[in-house]
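> Keeping their order, the protein sequence lines are chains D and Z.
Numbering follows UniProt numbering, with no gaps: position 207 of the first sequence is 207.
Numbering follows UniProt numbering, with no gaps: position 308 of the second sequence is 308.
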Amino acid sequence: MSHSTDIVHLAGLMKTFGKVRALDGLDLTVRPGEVHGFLGPNGAGKSTTIRILLGLIRATGGRVELFGADPWREAARLHRRLAYVAGDVALWPGLTGGQCLDVIGATHGGVHRGRRADLIERFDLDPTKRIRDYSKGNRQKVGLVAALAADADLLVLDEPTSGLDPLMEQTFQQCVRERRDDGVTVLLSSHILGEVEALADRVSIVRRGRTVTTGSLADLRRHTRTSVHAVTAREPEGLAGAAGVADCVSKQRDGHVDTRFTIDPDHLDTTIGRLHAAQIHTLTVAPPSLDALFLRAYGGAADTREAAGPLAGADR
Amino acid sequence: MSAMVAITWRTHRRRTLIWVIALAAGMIATAVAVAGLYDTPAKIHSYAEAVTSGSALAAINGRVEGIDSLGGVIQDEFGFLASFLLPLLGIGLIAGSTRREEESGRWETILGGRIARHQPVLAALAVATAAILATSILFAAGLVAAGVPARGAILYSAALGLLAAVFAGLAALLAQLVPHARGVYTWSLVVLAAAYVLRGVGDVAGNWLTWLSPLGWAEKTAPFGEQQRWWVLALPAVAGLASGGAAVWLAARRDLGSALLRGGANPARATRFRRSPIGFAVWIHGPATAGWLAGGIMFTAMMGALAHQFLDAMAGNPALGEAMGIGAGRPLAGYLAATQLYLAVIGTGYVIQAVGALRAEEAEGRVESRLAGTLSRLRWLAAHVAVVAVGLAFIVVGSTVVLTLSTTWSVGSADEVGATIRAGLDYLPAEFVLAGLALAVYGLWPRGFALTWTAYAVAAFIALLGPSLDLAPWVLDVAPTTHIGNPPLGAVDAGNLAALAALAVGFTLVGSVAFGRRDIPRA
Numbered sequence: 001m002s003h004s005t006d007i008v009h010l011a012g013l014m015k016t017f018g019k020v021r022a023l024d025g026l027d028l029t030v031r032p033g034e035v036h037g038f039l040g041p042n043g044a045g046k047s048t049t050i051r052i053l054l055g056l057i058r059a060t061g062g063r064v065e066l067f068g069a070d071p072w073r074e075a076a077r078l079h080r081r082l083a084y085v086a087g088d089v090a091l092w093p094g095l096t097g098g099q100c101l102d103v104i105g106a107t108h109g110g111v112h113r114g115r116r117a118d119l120i121e122r123f124d125l126d127p128t129k130r131i132r133d134y135s136k137g138n139r140q141k142v143g144l145v146a147a148l149a150a151d152a153d154l155l156v157l158d159e160p161t162s163g164l165d166p167l168m169e170q171t172f173q174q175c176v177r178e179r180r181d182d183g184v185t186v187l188l189s190s191h192i193l194g195e196v197e198a199l200a201d202r203v204s205i206v207r208r209g210r211t212v213t214t215g216s217l218a219d220l221r222r223h224t225r226t227s228v229h230a231v232t233a234r235e236p237e238g239l240a241g242a243a244g245v246a247d248c249v250s251k252q253r254d255g256h257v258d259t260r261f262t263i264d265p266d267h268l269d270t271t272i273g274r275l276h277a278a279q280i281h282t283l284t285v286a287p288p289s290l291d292a293l294f295l296r297a298y299g300g301a302a303d304t305r306e307a308a309g310p311l312a313g314a315d316r
Numbered sequence: 001m002s003a004m005v006a007i008t009w010r011t012h013r014r015r016t017l018i019w020v021i022a023l024a025a026g027m028i029a030t031a032v033a034v035a036g037l038y039d040t041p042a043k044i045h046s047y048a049e050a051v052t053s054g055s056a057l058a059a060i061n062g063r064v065e066g067i068d069s070l071g072g073v074i075q076d077e078f079g080f081l082a083s084f085l086l087p088l089l090g091i092g093l094i095a096g097s098t099r100r101e102e103e104s105g106r107w108e109t110i111l112g113g114r115i116a117r118h119q120p121v122l123a124a125l126a127v128a129t130a131a132i133l134a135t136s137i138l139f140a141a142g143l144v145a146a147g148v149p150a151r152g153a154i155l156y157s158a159a160l161g162l163l164a165a166v167f168a169g170l171a172a173l174l175a176q177l178v179p180h181a182r183g184v185y186t187w188s189l190v191v192l193a194a195a196y197v198l199r200g201v202g203d204v205a206g207n208w209l210t211w212l213s214p215l216g217w218a219e220k221t222a223p224f225g226e227q228q229r230w231w232v233l234a235l236p237a238v239a240g241l242a243s244g245g246a247a248v249w250l251a252a253r254r255d256l257g258s259a260l261l262r263g264g265a266n267p268a269r270a271t272r273f274r275r276s277p278i279g280f281a282v283w284i285h286g287p288a289t290a291g292w293l294a295g296g297i298m299f300t301a302m303m304g305a306l307a308h309q310f311l312d313a314m315a316g317n318p319a320l321g322e323a324m325g326i327g328a329g330r331p332l333a334g335y336l337a338a339t340q341l342y343l344a345v346i347g348t349g350y351v352i353q354a355v356g357a358l359r360a361e362e363a364e365g366r367v368e369s370r371l372a373g374t375l376s377r378l379r380w381l382a383a384h385v386a387v388v389a390v391g392l393a394f395i396v397v398g399s400t401v402v403l404t405l406s407t408t409w410s411v412g413s414a415d416e417v418g419a420t421i422r423a424g425l426d427y428l429p430a431e432f433v434l435a436g437l438a439l440a441v442y443g444l445w446p447r448g449f450a451l452t453w454t455a456y457a458v459a460a461f462i463a464l465l466g467p468s469l470d471l472a473p474w475v476l477d478v479a480p481t482t483h484i485g486n487p488p489l490g491a492v493d494a495g496n497l498a499a500l501a502a503l504a505v506g507f508t509l510v511g512s513v514a515f516g517r518r519d520i521p522r523a
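#1: So, helix, strand or coil for G27(D), using DSSP?
#2: By the 7 Å beta-carbon criterion, what residues does the stretch 46-59 of chain D contribute toward chain Z?
#3: Around the C-beta of L167(D), are 16 or more other C-beta atoms found within 10 angstroms, so that it is buried, or is it exposed?
#4: Closer than 8 Å, CB to CB, is R80(D) near chain B or not?
#5: Using the Cβ count rule (16 or more neighbours within 10 Å means buried), how would you classify residue 526(Z)?
#6: Return the first residue and the last residue of the alpha helix (DSSP H) that K136(D) is part of.
#7: What is the DSSP secondary structure of E65(D), reduced to helix, strand or coil?
#8: Can you give me the Cβ contacts of P480(Z) inside the same chain, cut-off strictly under 7 Å, excluding the 5 residues immediately before and after it?
#9: Taking the alpha carbon of G98(D) as the reference point, which residue from L144(D), R80(D), D266(D), T213(D) has its own alpha carbon closest?
#10: When Cβ atoms are compared, which residues of the stretch 372-403 of chain Z fall closer than 7 Å to chain D?
#11: How long is the line joining the alpha carbons of A301(D) and V212(D), rounded to whole angstroms?
#12: What are the complete beta strand (DSSP E) segments, minimum 3 residues, inside the stretch 92-139 of chain D?
#13: Please report the straight-line C-alpha distance between F80(Z) and S104(Z), rounded to a whole angstrom.
#14: Give the residues from the stretch 254-274 of chain Z that approach chain D closer than 7 Å (Cβ to any Cβ), ordered along the chain.
#15: Might you give, ordered along the chain, the residues of its own chain that have their beta carbon closer than 7 Å to the beta carbon of F261(Z), omitting 5 neighbours on each side?
#16: Please name the residue in L37(Z), M1(Z), G90(Z), H12(Z) whose C-alpha comes closest to that of A472(Z).
#17: To which residues of the same chain is I484(Z) closer than 6 Å at the C-beta, ignoring the five residues directly before and after it?
#18: For the stretch 215-229 of chain Z, enumerate the residues whose C-beta is nearer than 9 Å to any C-beta of chain D, in chain order.
#19: Is any beta-carbon of chain Z found at less than 8 Å from that of F38(D)?
#20: Could you name the residues of the same chain whose beta carbon sits closer than 8 Å to that of L133(Z), not counting the 5 residues immediately before and after it, in chain order?
#21: Need the endpoints of the alpha helix (DSSP H) that D88(D) sits in, please.
#22: In the structure shown, what three-state DSSP assignment does I280(D) receive?
#23: Show which residues of chain Z have a CB atom less than 7 Å away from the CB atom of Y84(D).
#24: In the stretch 236-286 of chain Z, which residue ranges form an unbroken alpha helix (DSSP H) of at least 4 residues, counting only runs that do not cross its ends?
#25: What residue range does the beta strand (DSSP E) around S250(D) cover?
#26: Comparing the C-beta of I104(D) with each C-beta of chain Z, is any distance below 8 Å?
#27: So G216(Z) and G202(Z) are in contact, right, with Cβ under 8 Å, and what is the actual spacing, rounded?
#28: How should D158(D) be labelled, buried or exposed, when 16 other C-beta atoms within 10 angstroms of its C-beta is the threshold for buried?
#29: Sort A147(D), S250(D), I131(D) by Cα distance to H108(D) and report the nearest one.
#30: M14(D) bridges to which residues according to DSSP?
#31: Quick one: which chain Z residues come within Cβ less than 9 Å of G68(D)?
#32: How close, in whole Å, do the beta carbons of Y456(Z) and R359(Z) come, if the pair is a contact with beta carbons under 8 Å?
#33: Can you list, in chain order, the residues of its chain with a C-beta nearer than 6 Å to that of E77(Z)? Leave out the 5 residues immediately preceding and following it.
#34: Please list the terminal residues of the continuous beta strand (DSSP E) segment that includes T211(D).
#35: I'd like to confirm the pairing. Which residues does DSSP put opposite F167(Z) in its beta bridges?
#36: What is the rounded straight-line gap between the Cα of L199(D) and the Cα of W292(Z)?
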């Protein structure tokens, strides 16, 4: 398969800092037009990967392609086509927010004027305040506005919403969708699962410098279990032994029967039938959340059901 | 409180120890070298004769009472450096452990624990006081070992220690008033410069102005004079306690992160110039450049203004010229040469500080912000190097022009104008060598940048004190300024200038190539 159309192609990426192995054979492919969620806990190597991708640090080994070229050699040229937001945007305390936008904008391939003004308004940013007088969230907004206003083909967002309030988080998601609709590719590194779930077409989950799982959300979901929580008038019959059902726990509570179990999505229909027969009071069916996928990936060698079970039970 | 002192010590001990050890070692080495050089009463007497016969040296080194003694010679030799190093000890220790910590947000973390708002400042003052005390004790011991009478040694060390303490208290107070560590340094140095000028003018004129300056207080204790004035120690002690106390008092009452003095209106857009790599580098280095330029101009204005008195003194006593390393033939040229050497030390300090600013930009993560776009590493670095080089030229030319103007006004002749300006330019290669070294260290091993300052201290020490301490030729050769040839008095060897320039270019290339190849940030 040719990689020439991929926006980002990393294969077997290695990076060591002295004795510490930060990346240990990481793979990541971002296709044109997609929002790619890059998931992992702190210290998994996400920021290191992104710095390599930007040509700020050099990979110790492996293959690095950004727009089909080597970012270490051609950083400045390739950066014409991308905009980057760091998790903790470092700005100049003595400049105002507006000045920082212009200074950063000057290093982008181009800045869309109308979008810049529009974004400042939507993110409720005061461009006349000095950076040192901004809160962490407002500094982050400067980075976001700078990147979203850029005329770029690729947005590299490294935990971009740290410090944002939920309202701004919504605004951010809306803006990213608009950019994607414009045809922009997005690499979204995050440990906030809800954010990735809301935005990403495909995800890669990394752990200890290695890619554990990659694929579309739908793909990943197919391999995990749906969790069901039902309160019925009577004990549902034949549930415990039914095909596809696991982790079934039934309890009497206030005259009702409270049942929790996980189920293979293929057997959902028949099982709901059994619940129906037992007269449903309330029913919650939670599709496998990204949390479950995430924890499953992190469960590593551990049994997948065990990993998925308790998490799915934590009603979302 | 002990917890806070422990935190302050733990987080700043390396810096503090380096300061204490370097300063004490430098002072003791000077004392020992002076003692070795002036080993007979006759030599001491002729030195005393020489330096007391004019006002120029009194302006630079101070008017030393009891100079006809080993202690007096040491005090005089050390006069200029001590005037800056000890205040800088106090300022550096306090600024680094107060406003910088607060600015970084680390105090927020600490004050979230069981630490009261005033305790970090108090702890910083406590640690600084201990460091100053240790420096003084070491120095006193070194003086006694060099053969200086104990009473004088103790009084002199105490006076120098309290000089550092005054500026520590001042810095602590400023740290409450201005929002940034940079401001603490700037304003402390402004006060220091004013104190130096007051002391200088007071000593030359022989009037009460000296008593307004903390540097004057140290001098007026007269540690080696016939009449020691122990009571004068009370002045810096009270000033230090008062300013330090005010700092603690303010810290307990103000909001965390607040400052009484803040800037004004803020533009919402960056100008086209500032968006360019060069314009942005100008913005980064501008304030520091202006500060060093102001320092250079103040120094050269003073030296120029004193030229007339110096020439008079020389005419009366040729030995004075020899004490300053100036031949009798062309006293004015010799005087200007000495001044240019000091100016070269100032210029070198600027370039190292400016390259250090790049290191700071990287440590704060802002180099990443800068390089995440279309700006390449080498263009970024080249813009900064260009701006710093032009900044140095500004400082050197500006200060030199002021030197020629004030000298011409003072001596009423414009004979040496051209030669003086050329002399300033002749020193540029020597200054660029250390700038190049700083760049090489920044490119190869940014975390070791402090080494550059060590190199600077060594080079400055050799340049300023080496000849009068009769250091070995190979030691003198270590300082790049040695190879310039002491213009306008001495002859400048164009070959040497070219060699220094080549060395500077070589260092710069090494630094640039290394910077182009290394990780940013370097782990």
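Note that CB positions come from ideal geometry on N, CA and C, so glycine has one too.
Since the structure is predicted, the reported quantities are computational estimates derived from the model, not experimental observations.
The answer reads as follows:
#1: To locate residue 27(D), count along the first sequence from 1; it is residue 27. In the sequence as displayed, the identity of residue 27(D) is Asp instead of Gly. Strand, per DSSP.
#2: L54, L56, I57, R58
#3: For the purposes of this step, residue 167(D) is taken as the residue at position 167 of the first sequence. When all chains shown are included, L167(D) counts as exposed.
#4: No chain B appears in the structure shown, which is made up of the protein chains D and Z.
#5: The requested residue 526(Z) is not part of the displayed model; chain Z covers only 1 to 523.
#6: Numbered from its first residue, the first sequence carries residue 136(D) at position 136. That run of the alpha helix (DSSP H) goes 136-149.
#7: Against the first sequence, residue 65(D) aligns to sequence position 65. Three-state result, E65(D): strand.
#8: Taking the first residue of the second sequence as 1, we reach residue 480(Z) at position 480. Taken in chain order, the residues that qualify are A430, V433, L434, A459, L500.
#9: Mapped onto the first sequence, residue 98(D) falls at position 98. Selected option, being the one with the closest Cα: L144(D).
#10: A372, G373, T374, L375, S376
#11: Within the first sequence, the letter at position 301 stands for residue 301(D). Within the first sequence, the letter at position 212 stands for residue 212(D). Because A301(D) carries a pLDDT of 38, less than 50, the predicted location of this residue cannot be relied on, and the following value inherits that uncertainty. Looking at the backbone, the Cα of A301(D) and that of V212(D) are separated by about 11 Å.
#12: none
#13: The residue given as residue 80(Z) occupies position 80 in the second sequence. The residue given as residue 104(Z) occupies position 104 in the second sequence. Using only the alpha carbons, I get a separation of about 34 Å.
#14: Against chain D - using a Cβ distance shorter than 7 Å - the residues of the stretch 254-274 of chain Z are N266, P267, A268, R269, A270, R274.
#15: Sequence index remark: in the second sequence, residue 261(Z) carries index 261 (1-based). Sequence inspection shows Leu at residue 261(Z); the Phe mentioned does not correspond to that position. So the list reads L177, V178, once near-sequence residues are dropped.
#16: Along the second sequence, one-based indexing puts residue 472(Z) at 472. It is L37(Z) whose Cα lies nearest to the Cα of A472(Z).
#17: The count along the second sequence starts at 1 and reaches residue 484(Z) at position 484. The answer, listed in chain order, is D426, Y427, A430.
#18: none
#19: Here residue 38(D) corresponds to residue number 38 of the first sequence, with the count starting at 1. Closer than 8 Å: no.
#20: Start at 1 with the first residue of the second sequence, and residue 133(Z) comes out as number 133. So the qualifying residues of the chain are G161.
#21: Along the first sequence, one-based indexing puts residue 88(D) at 88. Unbroken run through D88(D): none, as it is neither H nor E.
#22: Start at 1 with the first residue of the first sequence, and residue 280(D) comes out as number 280. Strand.
#23: Taking the first sequence and counting its residues from 1, the one referred to as residue 84(D) is at position 84. Under the 7 Å cutoff, chain Z gives A372.
#24: 272-275
#25: Position 250 of the first sequence, counted from the first residue, corresponds to residue 250(D). Counted as a single uninterrupted DSSP element, the beta strand (DSSP E) harbouring S250(D) occupies residues 245-253.
#26: What you label residue 104(D) is simply residue 104 of the first sequence in a count that begins at 1. Closer than 8 Å: yes.
#27: Mapped onto the second sequence, residue 216(Z) falls at position 216. Mapped onto the second sequence, residue 202(Z) falls at position 202. Yes, G216(Z) and G202(Z) are in contact; Cβ-Cβ is about 6 Å, under 8 Å.
#28: Sequence index remark: in the first sequence, residue 158(D) carries index 158 (1-based). With 16 or more other Cβ atoms within 10 Å, it is buried.
#29: The sequence position of residue 108(D) within the first sequence is 108, counting from 1. Distance check between H108(D) and each of A147(D), S250(D), I131(D) places A147(D) closest, using alpha-carbon atoms only.
#30: Taking the first residue of the first sequence as position 1, residue 14(D) is located at position 14. Looking at the DSSP output, M14(D) sits in a beta bridge with D24(D), G61(D).
#31: Taking the first residue of the first sequence as 1, we reach residue 68(D) at position 68. Simply none; closest approach about 18 Å.
#32: Taking the first residue of the second sequence as position 1, residue 456(Z) is located at position 456. Taking the first residue of the second sequence as position 1, residue 359(Z) is located at position 359. Contact annotation, Y456(Z) with R359(Z): C-beta distance approximately 14 Å; criterion of less than 8 Å not satisfied.
#33: In the second sequence, residue 77(Z) corresponds to position 77, counting from 1. Same-chain partners within the cutoff: V34.
#34: Residue numbering aside, residue 211(D) sits at position 211 when the first sequence is read from its first letter. Element bounds for T211(D): 210-216.
#35: Here residue 167(Z) refers to the residue found at position 167 of the second sequence. In DSSP, F167(Z) forms no bridge with anything.
#36: Translated into the one-based positions of the first sequence, residue 199(D) becomes position 199. Translated into the one-based positions of the second sequence, residue 292(Z) becomes position 292. When rounded, the distance between both Cα atoms is 52 Å.
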